Amino acid sequence: MTKFGGQFFINLKDNTSLDYTNSSDKFYPFGEITSGQDVVDQIAQVKVDSRFKPVEPVTIQSVVISDSAK
C-alpha cells in the first residue's frame, strides 16, 4: 500500500490568496465542513506563533471525503 501526503487548509474566513486563479502554487479548494464545526472552532482557538503556526501541533486523525454530486 502506498501512502501519500497532503495538506488541508481549514479556512475560518475567505482566503482568496489560496484560490487556484490567484495562486502560483495552484491550490484546489474542494470541500466544506458538513459536520464537526465544534472541532473547527477548537482549532481556531489554538495558540499560534508570530507566523500563525500552531505552537503545538494540530493533527487530523481521520477525514471522510464524499462526493455529494452522487
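For the sequence shown, the residue numbers in this note's numbering are 942 to 1011.
All residues carry an ideal CB built from backbone N, CA and C; glycine is no exception.
Only a predicted model underlies this, so the values are computations on that prediction, with no experimental measurement involved.
inquiry  = Can you tell me which residues form a DSSP beta bridge with Pro995?
reply    = Val989
Local conformation of Thr1075 per DSSP, three classes = Not covered by the structure: residue 1075. The range shown for the chain is 942 to 1011.
ask   = With distances taken between CB atoms, is the gap from Val996 to Val989 smaller than 8 Å?
value = yes
task = For my contact list, Ile1001 and Phe950 are in at a C-beta cut-off of 8 Å; report their separation, rounded to the angstrom.
result = No, Ile1001 and Phe950 are not in contact; Cβ-Cβ is about 12 Å, not under 8 Å.
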